[in-house]
Structure formats: structure tokens, C-alpha cells
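Student: Residues in the sequence shown are numbered from 43 upward in steps of one, following the working numbering. Virtual Cβ for every residue (Gly too), placed ideally from N, Cα, C. Just so it is clear, the structure is predicted and the values come from calculations on it, not from any experiment.
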Amino acid sequence: MFGNTPTALSLTASAANLQRLNIIRLIVLAGIAAALAYLQLQQAQDISLYTTHSIIASLYALVACATVLRLRQAWPVTDLEYFLHLLTDVSIISGLLYLSGGASNPFVSYFLVPLSISAAILPWRYTWIIAGYSLAAYSLMLFYFEPLPTTVIDHSHHGSSSFNQHILGMWFNFCLSAAVITYFVVKMANTLRQRESQWAKEREDTLRDEQILAVATLAAGTAHELGTPLSTITVLVDEIKADNANNQQLQEDIQLLQQQVNRCNHILKNLVNTAQVHSQKQQEQVLLSDYLEQLLSHWQVIRPNAQFNFTSQAGTAPTTLVDTTLEQAILNLLNNAADASPQTIAIHLSWNAHHYTLSIRDHGPGISAEIAEQMGQPFISTKGRGLGLGLFLSHATVQRYGGNIELHNHPQGGTVAELNIPYNNNEVTA
Numbered sequence: 043m044f045g046n047t048p049t050a051l052s053l054t055a056s057a058a059n060l061q062r063l064n065i066i067r068l069i070v071l072a073g074i075a076a077a078l079a080y081l082q083l084q085q086a087q088d089i090s091l092y093t094t095h096s097i098i099a100s101l102y103a104l105v106a107c108a109t110v111l112r113l114r115q116a117w118p119v120t121d122l123e124y125f126l127h128l129l130t131d132v133s134i135i136s137g138l139l140y141l142s143g144g145a146s147n148p149f150v151s152y153f154l155v156p157l158s159i160s161a162a163i164l165p166w167r168y169t170w171i172i173a174g175y176s177l178a179a180y181s182l183m184l185f186y187f188e189p190l191p192t193t194v195i196d197h198s199h200h201g202s203s204s205f206n207q208h209i210l211g212m213w214f215n216f217c218l219s220a221a222v223i224t225y226f227v228v229k230m231a232n233t234l235r236q237r238e239s240q241w242a243k244e245r246e247d248t249l250r251d252e253q254i255l256a257v258a259t260l261a262a263g264t265a266h267e268l269g270t271p272l273s274t275i276t277v278l279v280d281e282i283k284a285d286n287a288n289n290q291q292l293q294e295d296i297q298l299l300q301q302q303v304n305r306c307n308h309i310l311k312n313l314v315n316t317a318q319v320h321s322q323k324q325q326e327q328v329l330l331s332d333y334l335e336q337l338l339s340h341w342q343v344i345r346p347n348a349q350f351n352f353t354s355q356a357g358t359a360p361t362t363l364v365d366t367t368l369e370q371a372i373l374n375l376l377n378n379a380a381d382a383s384p385q386t387i388a389i390h391l392s393w394n395a396h397h398y399t400l401s402i403r404d405h406g407p408g409i410s411a412e413i414a415e416q417m418g419q420p421f422i423s424t425k426g427r428g429l430g431l432g433l434f435l436s437h438a439t440v441q442r443y444g445g446n447i448e449l450h451n452h453p454q455g456g457t458v459a460e461l462n463i464p465y466n467n468n469e470v471t472a
């Protein structure tokens, strides 16, 4: 993210910006053509001057034509490529100005055009390079240039002094304008980019909240509908247990079935009460290690065949605020690990001065990079069964705590899910 590799702009935005730059080139070429026509009429005897300008103008036209062909290609325009386009424009304009009076040419302020474009759409480092390059070209043309015949006049005494002051004033004005554009316009462009990024994140959060609301509404209806069949199952299990009091093996199976049914009833009650608990922000302050040991004990009832090894960082674990939604988020990660790995699941708790981390590693086949990037979106699942809602809801819950969930493959095989929650954001946000 912070490397030297140029990041690709949005394909639509980059193509549109490069197309606009090419339109500006065509306008400049039209101006050059008009100037050459005037030059031919007024200075027809100076063939070399006319020829040199024509060659540079033809080179600029060739660049414009090449850009049209490039815009037909499918690959995106990177920041570096756009920067090179602007650098090419500055170089060609510098050549034209060198042959047209240098710093005394009234169009020397055109240097500000590519500088302004760079400040608006490119990172600041590219803008500073263009500013420095333009300023160096302008400064050199104060001393090295080919004067036009119409500008070779005798500026004697006060006239010459006034002319030099005029040229020096134009140079100072360019320096000041370049500095203002480079600093302030870059700041304003960065502010606009940050605002657009914030708006995009808010739209994404709104969409996620709408999806969660839809799932919650469905869950509430499902909880209501499951109440009756669970009650029927509870009665039938009690009757089967009473009718087979002498069958010890069957009694163990029935006891396990009762535990699972009781767990289902407990989950449904929590689901019904979660909205009220969350609206009142009823959170519990617990010792993190004790909380996780209790949660793992409950999970062992749900997944009796799952094997795990829980380890914790040395020292006394910190305290944290929790509610039922965080418990469910962790259970979702544990269930995913149990589904992916029949072997022992490695669970490790660690912490530092800023946040705590719960690492859950399975020994399954792992996940692809594409799937890992999409985790946290609804209906994305690595299993042949399931709806992919578990990780989506876990991500949403942990984000409300100000944390995140990271998924990556372990070097020795399997997937590692890391849940990170900072201390200063432990209170759940709405």
C-alpha cells in the first residue's frame, strides 16, 4: 500500500482524465498552428525558425495521436503513466518556449496548467517533481533562449531596465503561483479524496447494516417459529428417557440430545433478548481468560467431537467489556474451524498495551487469497454447505467493537483467523 509500485486509478476516471489532457493538447496544437501561420507570413525569410517549430509541433501531435490509440486499450492508467504524460507536455512546451523568446514569451505561464492538473489528481510526490522540473526549465530560459525577431529591439537605459524587471517579475510570479498550487491545491485534492473515501465507506456500512437488519428480521421470525418444535422435541425426549430408563447407552445419547435441545432454547432466548440488551448497552466487565474458558466450555457442548488446545499469554489477562453478540462472533469462528479441521484446533490469546488478539488455527485445506479478501461479505462461504453468514455477522460484530478479523493461511497448513479488538473501543457502538 505504501510501496513504490504505482497504484492504478479507477479505469473510468483515468481514461476520462487522460482524454481531457489530450483535448488540452489539441487546443495547444491549434494555437501553435496559428502562431506558425503568422510566423510564416511575417518572417517567411527565416526558414530555420519555422522548420524547428514545425518539428516540435509535429512531435506534440504524434504524442496526442499515440494517446488516442492508448485510450483504446483495456488496461488502466496508473499514477506513474499519467505523471509521464504531464512530464512529456512540460518538456515539449519548454522546447517551444526556448525557441520563442524563453521567459519573455507571454505564454510561459502555461507551465501552471500541467502543474495544476497534477495537483488535482496525482499524489503529492509527483506534483513536487513537476513543479521542480517546470521551475528549472523556466529559470534556465531566463538566460538561455532563442529570441524571436520581433523581440530583438534596443532596450536602452531605463527601457532595458524596465524590461528586465518585467521578466524577473514574471518569473517571481510563476514561482509564487507554483508554490501556492503545489501546496494548497494538493491539500484540497487530498481532502476531496478523503471525503470520497469516507462517503464510500459510509455507503458500504449502510449497505452492511441493511443486510444485517434483513438477517435479524428473518432470525426473529425463525426464532418464533422454532419455539413450538423445540418444545415438542423436549417433551418427546423426556418420554423416551423415561421409557428406556434401563438402557444405559441410550440414556447417554438422550442426555446429549437434551443438552443440545437446551442449548437451542438458550440461543433462542438470547436472540429474543439481544435487542433489548443492546439498546440498554448492558455489557459485562469480565476477565478475558475466564470469559474465553467459559465460552469454550459451552462450545464443547455444542461440538462434542471438536478437539481444541487453548493457550494464553503469560501473565494476568486484561479485563474487557463483552455482550452476547461478541460471544456469537467467536462461536462462528470456532465452528468454521471445526468444520474445516478434524484435528485439534489451536486457540491462543495474546494482548499488548493497545488491543487483545484471539487466534484460531485449524488444520484444514486453507483458503484462497480471493476468498480471504471477500470475507466479511454476506453469502461468501468456503464450505460446500452453509450460507456464508457466519463470518459476515462476525465481521459486523467485531467492527462495532472497533476491531477487525484477519484471515490468512498458516505456513504449515490450515487457516488462521485472528480477532483483534482495541481496549479504547471496547464499548459497542451502535
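I'd like the ranges of any alpha helix (DSSP H) spanning at least 4 consecutive residues and lying wholly in the stretch 343 to 370.
Tutor: Whole alpha helix (DSSP H) segments, 4+ residues: zero.
Student: Could you check how far apart the C-beta atoms of residue 348 and residue 380 are, in whole angstroms? I think they sit under 8 angstroms.
Tutor: Indexing the sequence shown from 1 puts residue 348 at position 306. Indexing the sequence shown from 1 puts residue 380 at position 338. Yes, they are in contact, since the Cβ atoms of residue 348 and residue 380 sit about 4 angstroms apart, within 8 angstroms.
Student: When you compare each of 405, 235 and 329 to residue 358 by their alpha carbons, which one comes out closest?
Tutor: Walking along the sequence shown from the start, residue 358 turns up at place 316. Out of 405, 235 and 329, 329 has the C-alpha closest to the C-alpha of residue 358.
Student: Cutting at 7 angstroms between CB atoms, please list the residues of its own chain near residue 532, excluding the five before and the five after it.
Tutor: Because residue 532 is not part of the residues shown, which for the chain are 43 to 472, the question remains open.
Student: Whose CA, out of 352, 132 and 276, lies closest to the CA of residue 303?
Tutor: For this step, residue 303 is matched to residue 261 along the sequence shown. For residue 303, the nearest C-alpha among the options comes from 276.
Student: Alpha carbon to alpha carbon, what distance is there between residue 173 and residue 321?
Tutor: Position 279 of the sequence shown, counting from 1, holds the residue named residue 321. Position 131 of the sequence shown, counting from 1, holds the residue named residue 173. Note that residue 321 has pLDDT 46, beneath the 50 cutoff, so the model's placement of it is unreliable and no number is given.
Student: Is residue 429 helix, strand or coil by DSSP?
Tutor: Walking along the sequence shown from the start, residue 429 turns up at place 387. Here residue 429 scores only 41 on pLDDT, less than 50, and its place in the model should not be relied on; the value that follows carries that caveat. Note: residue 429 maps to coil in three-state DSSP.
Student: Alpha carbon to alpha carbon, how far is residue 246 from residue 96?
Tutor: For the purposes of this step, residue 246 is taken as residue 204 along the sequence shown, with counting starting at 1. For the purposes of this step, residue 96 is taken as residue 54 along the sequence shown, with counting starting at 1. If I take the Cα positions, the gap works out to 53 angstroms.
Student: By Cβ distance, which residues of its chain are closer than 7 angstroms to residue 61, with the 5 residues on each side in sequence left out?
Tutor: Locating residue 61 in the sequence shown gives position 19, counting from the first residue. So the list reads 113, once near-sequence residues are dropped.
Student: With contact counted as at least three CB pairs below 8 angstroms, one residue from each stretch, are the stretch 430 to 449 and the stretch 458 to 466 in contact?
Tutor: Touching, yes.
Student: So for residue 62, helix, strand or coil by DSSP?
Tutor: Looking up residue 62 in the sequence shown gives position 20. Here residue 62 sits in helix by DSSP.
Student: Under 8 angstroms, do residue 480 and residue 216 count as touching if we go by C-beta distance?
Tutor: Residue coverage of the chain in this structure runs from 43 to 472, which leaves residue 480 outside it and unanswerable.
Student: Alpha carbon to alpha carbon, what distance is there between residue 393 and residue 377?
Tutor: Reading the sequence shown from its first residue, position 335 is the one you call residue 377. Reading the sequence shown from its first residue, position 351 is the one you call residue 393. Residue 377 and residue 393: Cα-Cα distance of roughly 23 angstroms.
Student: Mind checking which residues open and close the beta strand (DSSP E) that includes residue 403?
Tutor: Locating residue 403 in the sequence shown gives position 361, counting from the first residue. It spans 397 to 403 - the beta strand (DSSP E) in which residue 403 sits, taken as one unbroken run.
Student: Below 6 angstroms CB to CB, which residues in the same chain sit around residue 64 once its five sequence neighbours on both sides are set aside?
Tutor: In the sequence shown, counting from the first residue as 1, residue 64 sits at position 22. Around residue 64: 106 and 109.
Student: Can you find the residues in the same chain that come closer than 7 angstroms, C-beta to C-beta, to residue 156, ignoring five residues on each side of it along the sequence?
Tutor: For the purposes of this step, residue 156 is taken as residue 114 along the sequence shown, with counting starting at 1. So the qualifying residues of the chain are 128, 131, 132 and 172.
Student: Residue 388: which of 375, 402 and 398 sits nearest, CA to CA?
Tutor: In the sequence shown, counting from the first residue as 1, residue 388 sits at position 346. Out of 375, 402 and 398, 402 has the C-alpha closest to the C-alpha of residue 388.
Student: Measuring alpha carbon to alpha carbon, tell me which of 400, 372, 371 and 345 ends up nearest residue 360.
Tutor: Reading the sequence shown from its first residue, position 318 is the one you call residue 360. It is 400 whose Cα lies nearest to the Cα of residue 360.
Student: Taking DSSP's pairing of strands, which residues face residue 302 in a bridge?
Tutor: Taking the sequence shown and counting its residues from 1, one reaches residue 302 at position 260. According to DSSP, which records beta bridges pairwise, residue 302 is partnered with nothing at all.
Student: Between the C-alpha atoms of residue 405 and residue 432, what's the straight-line distance to the nearest angstrom?
Tutor: Numbered from 1 along the sequence shown, position 363 holds the residue referred to as residue 405. Numbered from 1 along the sequence shown, position 390 holds the residue referred to as residue 432. Roughly 19 angstroms between the two C-alpha positions.
Student: Which of the three DSSP states, helix, strand or coil, is assigned to residue 296?
Tutor: Mapped onto the sequence shown, residue 296 falls at position 254. The answer is helix: DSSP assigns residue 296 an H, G or I state.
Student: Anyone know if the C-beta pair for residue 364 and residue 398 falls short of 8 angstroms?
Tutor: In the sequence shown, the residue the question calls residue 364 occupies position 322. In the sequence shown, the residue the question calls residue 398 occupies position 356. Not in contact: residue 364 and residue 398 (Cβ atoms no closer than 8 angstroms).
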